[in-house]
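Only one structure is covered here, and it is reproduced in the block below.
Protein chains: 4
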Amino acid sequence: MQGGSILTLSENKIRKKKEEIILSAVKIMNEKGYQRATMEEIAAELQMTKGSLYYYFKNKEDLIFQCHELVLEQAIGELREVFHNCISNEAILRQMIAVHIKYAVLEKESFNMIIKPDETFSTDQLHPILKKRNEYASWFDRVIIAGIDCGEFSIKESKMARMLLLGSLNWIQQWYKKDGENSLLELQNIYSDYLLKVMK
Amino acid sequence: MQGGSILTLSENKIRKKKEEIILSAVKIMNEKGYQRATMEEIAAELQMTKGSLYYYFKNKEDLIFQCHELVLEQAIGELREVFHNCISNEAILRQMIAVHIKYAVLEKESFNMIIKPDETFSTDQLHPILKKRNEYASWFDRVIIAGIDCGEFSIKESKMARMLLLGSLNWIQQWYKKDGENSLLELQNIYSDYLLKVMK
Amino acid sequence: MQGGSILTLSENKIRKKKEEIILSAVKIMNEKGYQRATMEEIAAELQMTKGSLYYYFKNKEDLIFQCHELVLEQAIGELREVFHNCISNEAILRQMIAVHIKYAVLEKESFNMIIKPDETFSTDQLHPILKKRNEYASWFDRVIIAGIDCGEFSIKESKMARMLLLGSLNWIQQWYKKDGENSLLELQNIYSDYLLKVMK
Amino acid sequence: MQGGSILTLSENKIRKKKEEIILSAVKIMNEKGYQRATMEEIAAELQMTKGSLYYYFKNKEDLIFQCHELVLEQAIGELREVFHNCISNEAILRQMIAVHIKYAVLEKESFNMIIKPDETFSTDQLHPILKKRNEYASWFDRVIIAGIDCGEFSIKESKMARMLLLGSLNWIQQWYKKDGENSLLELQNIYSDYLLKVMK
DNA sequence: GATGAATGAGGGTTCATTCAT
DNA sequence: AATGAATGAACCCTCATTCAT
């Protein structure tokens, strides 16, 4: 039923290809930034030609949009899991911080789109992006509020605390270097420690 | 004396014009991002033509570079003053946070440029930019280290604390709205409170 | 075999187009000079648009470069043939002069480019151009030296004699008119006579 | 009478300035070629500003035109002198060759305009240029014809011989290097020897 | 006479996008 | 489903030219 018809088969094939392209795009963008990543390069990475991309995506913006969606979806998935698998709110928040840092550093550019979507997207696509971005942020809100409610956290302004938290994390990608002094793990721990001092 | 003043007059005129252009550039760039801001638009904003800009700036990169310099220089000036006029390190840091927020919010456009210089500048100009950026940051480092030394602050990783601090502040411009719930003053106070919890 | 021919087909097609463009470029350039020939005009001549040229050539310099190469290659081919098919060095030199005059007059535009490569090319491409130009000239050197060795010619400075010879021939295109008093054949004969007086 | 009035005085001043500019222009052009020589550079050489040039010359073409005139006038002057001061036609021709080589090498670019005036000048100015160029060439014609008439030279086609001669000389500037193997004097002698073999 | 400043036309180049095959 | 080829709009930059002062 689910995968029976021929149509679905070819649809599956297309979806596969789309994902491949998105991954390639994400890679190139992480190297060069979105504006400088050209359709040509993205295609070349997959040994395709420029024109072929337009079979799968309406235009460049659409492609970037879907890159963003994919990455954000994944990240949200991880947040959700963390949320349901940890016990204390502190533990959850620590895990979430770790997840965010991981994405901010490793998926730098595609994650970056969260930061300044209005420079990247036209009005049409801006809305769903912002929605997803809010969904992502809301997981942080949840823990913080839960923490406040059960007395684990003492801050008053949950929204602003979340802003502070995410802001400080986003910034990491501006300076973090893979071969630098600190490992990703150290980073995750230190930031967790510091940011929990804010919350408590 | 005579020659001097005449010279200064025309030099002043050119400097004025340069500043005008820089302000225009900064405005456009913040609306559209650096890459998408065109020389034409920047000129049009001032009712000039594209070509005229090249009378004042060698090329686009040079213009962006000087935008950077101007704003950063001003901000550094304010930090310096704060540093020398306050008593406790906590007081200094609070003031510095206030200054940074003010720039990030009110001079949003200009200050923004600090964020991603490496995508904007060629290697030649990247270096002096990073230097100035470091100079700016170093004022924060100084207070933090001084605070640690005299026991006011307890954090271990001064550099990372500074990163966290500046990152969280930079992010403010992503969401802050003049007519929003919080006044600038409230913002400055809350962020100071929260970030000092990190330091102590 | 199948793959080979298909490949060759499309390769051939692209080579054809490239040649078309080169011919167009060569025509425009000889009307206006290299600097004043614009990519737009070159394209317009073929009812293409500027941008399309960049599908075939990296940039203007590359296009000019290949113009050079193509014509020079052909001419070298003819010299080589002459060299191997004639008996006396005098006969060879006469034939070579005829070839050179033919190119200078009939393929005026293309051949012209040999004249001032150093104002046209950047250092990178200058070298291979000069090399090919030298290769062309070296065929003349060979006959002259051979002629000297076997006593047919009596001049001392073979290099300078070659310069004089080629210089005088190149100049022909400055004044020669198809419908003028002298036929091409007369021209070839008279110049041969005169220049051989130099050699003997 | 000649230089009495104030008007003439200032006219003289203007003429002086014009010559200065022309010399500067000639210098820059000899370094960069005419197309690449900018009004700015020419002015800078004289510590003037671009705009001032337009007080003295209608436009760039006019300036180039007058450069050309000046140099050609000088060269013609030298030819005239040679013509009247030498005894045998051979001696005259040798001297003329020396003069031409000197200009072709030392005043490379300004002399060069003789070579391809149609690329440099619009129809308006082309005519007087060609006229002067013919005047220049006619001095060579005269000696050659005189030489034929008195039996010194044996060639039949005086025009073509002159073309051959000037062509070979013009070409020198394509390859001659100041610090090369041959001094200017050697060059003048060798070319004279070779070209007189043609005439005789 | 000279200059500073501005202009505008044009050139080279890039690149997302289209479309016939 | 993919490609090769072409397009055209947009961008940066240069430079001869102008003109008020």
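Chains as they are written, first to last, in our numbering: chain A, 1159 to 1358; chain B, 1159 to 1358; chain C, 1159 to 1358; chain D, 1159 to 1358. We treat Cβ as the ideally placed atom computed from N, Cα and C, and that holds for glycine. Bear in mind that the values here come from a model prediction, so they are computed numbers and not experimental data.
**Asked** Taking Cβ positions, are MET1321 of chain A and ILE1330 of chain B nearer each other than 9 Å?
**Response** yes
**Message:** What are the residues in the region 1211 to 1222 of chain B lying within 9 Å of chain A by C-beta distance?
**Reply:** none
**Request:** Have a look at GLY1325 of chain C and SER1326 of chain D and give me their C-alpha separation to the nearest angstrom.
**Result:** 4 Å
**Request:** Say whether chain B places a C-beta atom closer than 9 Å to the C-beta of ALA1319 of chain A.
**Result:** yes
**Request:** Please report how far the alpha carbon of GLU1178 of chain D lies from the alpha carbon of THR1281 of chain D, in whole angstroms.
**Result:** 27 Å
**Request:** Please go through the same chain and pick out, in chain order, the residues whose beta-carbon is closer than 8 Å to the beta-carbon of GLN1283 of chain B, but skip the five residues on each side of it.
**Result:** GLU1219, ASP1220 and PHE1223
**Asked** Whole-angstrom Cβ separation of LEU1211 of chain C and ARG1291 of chain C, contact assumed at under 8 Å?
**Response** Not confirmed; about 25 Å, so no contact.
**Message:** I want to see whether chain A comes within less than 9 Å of GLN1368 of chain B, judged by CB atoms only; does it?
**Reply:** Here chain B covers residues 1159 to 1358 and nothing more, so residue 1368 of chain B does not appear.
**Asked** Within 10 angstroms of its Cβ, does ASN1217 of chain A collect 16 or more other Cβ (buried), or is it exposed?
**Response** exposed
**Request:** Using a threshold of 9 Å, state whether the C-beta atoms of GLY1305 of chain D and MET1357 of chain D are closer than that.
**Result:** yes
**Request:** Taking all protein chains shown into account, decide if LEU1343 of chain C is buried (16 or more other Cβ within 10 angstroms of its Cβ) or exposed.
**Result:** exposed
**Request:** Counting only the same chain and skipping the five closest in sequence on each side, list residues whose C-beta sits under 8 Å from that of ILE1259 of chain D.
**Result:** LEU1327, ILE1330, LEU1342, LEU1345, GLN1346 and TYR1349
**Asked** So ARG1194 of chain A is in the alpha helix (DSSP H); what residue range does that whole segment cover?
**Response** Unbroken run through ARG1194 of chain A: none, as it is neither H nor E.
**Asked** Got a sec? Which residues, its chain only, sit under 6 Å from GLU1239 of chain C by beta carbon, not counting five neighbours each side?
**Response** none
**Message:** Does the structure place the region 1286 to 1303 of chain D close enough to the region 1311 to 1321 of chain D that three or more beta carbon pairs sit under 8 Å?
**Reply:** yes
**Prompt:** How long is the line joining the alpha carbons of ILE1200 of chain A and TYR1213 of chain A, rounded to whole angstroms?
**Reply:** 14 Å
**Message:** With distance defined between alpha-carbon atoms, name the residue in D:ASP1307, D:LYS1190, D:LYS1175 and D:VAL1257 nearest to SER1246 of chain D.
**Reply:** D:ASP1307
**Minimum Cβ-Cβ distance from LYS1358 of chain B to chain A less than 9 Å** = yes
**Endpoints, the alpha helix (DSSP H) within which PHE1279 of chain B is located** = It is not in any alpha helix (DSSP H) - PHE1279 of chain B carries neither H nor E in the DSSP assignment.
**Item:** Candidates C:VAL1257, C:ALA1319, C:ALA1262 and C:ALA1195, of which the one nearest GLU1236 of chain C by Cα
**Value:** C:VAL1257
**Message:** Using the three-state DSSP reduction, which class does SER1246 of chain D fall into: helix, strand or coil?
**Reply:** coil
**Asked** Taking Cβ positions, are GLN1253 of chain D and CYS1244 of chain D nearer each other than 9 Å?
**Response** yes
**Listed by chain order, chain D residues near GLY1325 of chain C by CB distance under 8 Å** = GLY1325, SER1326, LEU1327, ASN1328, TRP1329, ILE1330 and GLN1332
**Request:** Taking only beta-carbon positions, decide if GLN1224 of chain B is within less than 9 Å of chain A.
**Result:** no
**Cutoff 6 Å; reference TYR1261 of chain C; Cβ partners in own chain excluding five residues on either side** = ALA1233 and PHE1269
**Prompt:** Under 7 Å Cβ-Cβ, which residues of chain D neighbour LEU1251 of chain C?
**Reply:** Residues of chain D passing the Cβ test: none, with the nearest at roughly 15 Å.
**Prompt:** Taking Cβ-Cβ distances shorter than 9 Å, what residues in chain C pair up with LYS1260 of chain D?
**Reply:** Residues of chain C passing the Cβ test: none, with the nearest at roughly 16 Å.
**Asked** Counting only beta-carbon atoms, is LEU1343 of chain D nearer than 9 Å to chain C?
**Response** no
**Item:** Three-way DSSP call (helix, strand, coil) for GLU1310 of chain B in this model
**Value:** coil
**Request:** Check LYS1358 of chain D in the structure and name its three-state DSSP category.
**Result:** coil
**Request:** Taking C-beta pairs closer than 8 Å, name the residues in chain C that TYR1294 of chain D reaches, listed in chain order.
**Result:** Going along chain C, no residue has its Cβ under 8 Å from TYR1294 of chain D, so there is no contact; the nearest lies around 14 Å.
**Request:** Please decide whether ARG1300 of chain C counts as near chain D, where near means a Cβ-Cβ distance under 9 Å.
**Result:** no
**Prompt:** GLN1205 of chain B lies in the alpha helix (DSSP H); which residues open and close that run?
**Reply:** Where GLN1205 of chain B is concerned, there is no enclosing alpha helix (DSSP H), given that its DSSP letter is neither H nor E.
**Asked** On the three-state DSSP scale, how would you describe SER1326 of chain B?
**Response** helix
**Message:** If you reduce the DSSP assignment to three classes, tell me which class GLY1360 of chain C lands in.
**Reply:** Beyond the ends of chain C as shown, which are 1159 and 1358, falls residue 1360 of chain C; an answer cannot be given.
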